[in-house]
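Asks: I have a structure I would like to understand better, so I am pasting it below and will then ask my questions one at a time.
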Amino acid sequence: MIKTAAELERAILAQTRRGLRTLLAVPRARAGGLARVEELEVPAAAGPLPARYYEAKDAVAAPLLVYFHGGGFVCCDIDTHDSICSWLAKSSQGRVLSVGYRLAPETPFPGQVEDVRAASAWALANGERFGAAHGRIAVGGDSAGAYLAATMALELNRTKPGAVALQVLLYPLIHVQDSLWAEEELRNFRFLGRVACIYIAKFLGAEALPSLLDVDLSAAPPTIVAGGGPMDPVRADVRAFVHKLREQGVAVTERKYPVLMHGGLNFTAYSKTATSALEEVGELVRLHFAT
């Protein structure tokens, strides 16, 4: 029997996690025609991280794309995002390494950043093992995973310029600051986003999670950004983020899908919009490294 508000919150979170796995971890959602899919573990300070490697049949020489899943830092894993990563590998004619990280509230912030830092360092050191181009990686993610990818790209490129050759950000979460969400609460479905971000900040223990609009973006790599329409509450923040990247001299390729909702790219088993968008994003990745 649930006795306290905290117990109720934990029960709701557990049910949400189970529901998302049931809905999204669907074998038929994976792209067909891949040359290789391999289960791995990536070493990290707190213990090994689950990972999955995808390689296209016709994989070309390019940096390994290291992908971090979304889910508000509290939900999802490499299984719920298997479809996204498989379609990106296939359509980019490349190689994708999907890496899980510890979730909140079991692991408070910045544990998630520590995990993606370890995963990125491992990928830089081991990319050639998979046939990827030497010495550089690309990073990507959706929503909260895109936040982690963008944070890591800045960190690595400040330390070693050019270490991250490209970032692929799918409807990226830019911040969880309630004051900023409240400014547009009733526009563009921001009221839904505000509720979600209050929830995220509480479980993450990070209401002061740095906003990507408040940091120096000059070390960011070339960027591919894909987002949705009215059902994507982060789109106003993404617009501001893209503007700031361009102001600081970063090359940005942006794609918008008017009928795409936030999180919609996971639904490749059900939605042609999702598969078509991932095919286009993957093709943009391929073209970036072909030039």
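Following my numbering, the numbering of the sequence shown begins with 499 at its first residue and continues without gaps.
The beta carbon of each residue, even a glycine, is placed where N, CA and C say it ideally should be.
From a predicted model like this one, the values you see are computed outputs, not experimental measurements.
#1: Can we say the segment 665-674 touches the segment 641-649, given the rule of at least three CB pairs closer than 8 Å?
#2: So, with DSSP's three-state summary, where would you put P481?
#3: Around the C-beta of A533, are 16 or more other C-beta atoms found within 10 angstroms, so that it is buried, or is it exposed?
#4: Any idea what DSSP makes of S590, helix, strand or coil?
#5: Using a 10 Å radius around the Cβ and a threshold of 16 neighbouring Cβ atoms, would you call S589 buried or exposed?
#6: According to the neighbour-count rule (16 or more other Cβ atoms, all chains shown, within 10 Å of its Cβ), is V460 buried or exposed?
#7: Just to confirm, are H741 and S709 a CB contact at a threshold of 9 Å?
#8: DSSP state of E683, grouped into three classes?
#9: Of all the options M650, T657, L652 and V564, which has the alpha carbon lying nearest to the alpha carbon of E553?
#10: Within the same chain, show all residues whose beta-carbon is closer than 8 Å to that of L690, passing over the 5 residues directly before and after it, in chain order.
#11: Measuring alpha carbon to alpha carbon, tell me which of T657, P608 and R753 ends up nearest Y645.
#12: Kindly indicate which three-state DSSP category E604 falls into: helix, strand or coil?
Replies: Reading off the structure:
#1: At 8 Å Cβ cutoff, the stretches touch.
#2: Outside the shown range of the chain, which is 499 to 789, sits residue 481, and nothing can be said about it.
#3: Taking the sequence shown and counting its residues from 1, one reaches residue 533 at position 35. Result: exposed.
#4: Here residue 590 corresponds to residue number 92 of the sequence shown, with the count starting at 1. In the structure shown, S590 falls within a helical segment according to DSSP collapsed to helix, strand and coil.
#5: Here residue 589 corresponds to residue number 91 of the sequence shown, with the count starting at 1. The residue is buried, with at least 16 neighbouring Cβ atoms inside 10 Å.
#6: Since the first residue shown for the chain is 499 and the last is 789, residue 460 is missing from the structure and cannot be characterised.
#7: Position 243 of the sequence shown, counted from the first residue, corresponds to residue 741. Position 211 of the sequence shown, counted from the first residue, corresponds to residue 709. No, the Cβ-Cβ distance between H741 and S709 is not below 9 Å.
#8: Position 185 of the sequence shown, counting from 1, holds the residue named residue 683. Below a pLDDT of 50, predicted positions are generally treated as unreliable, and E683, at 39, falls in that range; the measurement from the model is reported next regardless. Three-state result, E683: coil.
#9: Reading the sequence shown from its first residue, position 55 is the one you call residue 553. Nearest of M650, T657, L652 and V564 to E553, Cα basis: V564.
#10: The residue given as residue 690 occupies position 192 in the sequence shown. Any reading at L690 must be qualified, since the residue scores a pLDDT of 45, below 50, and its modelled position is unreliable; no value is offered.
#11: Counted from its first residue, the sequence shown places residue 645 at position 147. Distance from the Cα of Y645 is smallest, within the candidate group T657, P608 and R753, for P608.
#12: Taking the sequence shown and counting its residues from 1, the one referred to as residue 604 is at position 106. Three-state result, E604: coil.
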